[in-house]
Amino acid sequence: MNIYVSNLSFAVQDEDLREFFTEYGEVTSAKVIMDRFTNRSKGFGFVEMPDDAAAQKAIAELDGGMVEGRAIKVMVAKPREERSNSNNRPSFAKNRW
């Protein structure tokens, strides 16, 4: 199961995120999302756990918990939606200039 974790302190790193969840079961991966320009945390990340029951327990117990002075939000990750050009801005990527 893929888990979304938000409102993380900017000091939290991948290994810290992994440690939060290992208490509940095996963690396949843990990744804090970084800004590609500043190389600083964006304040959220994803955790993958192969056991759905353990993942649900982790979500229930960690959601709203305090980590480094911040109440984190933990939920099942939703699939990423395709970005569309529905805001009526011109898309220059399709032009053959």
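Position in the sequence shown (first residue = 1) + 119 = our numbering.
Here a beta-carbon is modelled for each residue, glycine too, at the ideal position from N, C-alpha and C.
Apply the 10 Å Cβ neighbour rule to Ser130 and answer buried if 16 or more other Cβ atoms are within range, or exposed otherwise.
Before going on, a small fix: residue 130 reads as Ala here, not Ser. Within a 10 Å sphere around the beta-carbon of Ala130 sit fewer than 16 other beta-carbons, which makes this residue exposed.
Whole-Å CB distance - Leu181 paired with Val195, under 8 Å assumed
Not really, about 13 Å apart at Cβ, beyond 8 Å.
Determine the DSSP secondary structure at Lys197, reduced to helix, strand or coil.
Correct three-state label for Lys197: coil.
By Cβ distance, which residues of its chain are closer than 6 Å to Phe140, with the 5 residues on each side in sequence left out?
So the qualifying residues of the chain are Val146, Val166, Ala177.
Under the assumption that Leu136 contacts Arg189 (Cβ atoms under 8 Å), give the Cβ distance between them as a whole number of angstroms.
With a beta-carbon spacing of about 13 Å, Leu136 and Arg189 fall beyond the 8 Å limit used to define contacts.
Cβ pair Gly144, Ala173 closer than 8 Å
Yes, these two residues count as a Cβ contact at 8 Å.
Helix, strand or coil at Ile217 [DSSP, three-state]
Given that the chain is displayed from residue 120 to residue 216, the structure contains no residue 217 and the question cannot be resolved.
Determine the direct distance from the alpha carbon of Gly162 to that of Val186, and round the result to whole angstroms.
Looking at the two C-alpha atoms, the distance is approximately 12 Å.
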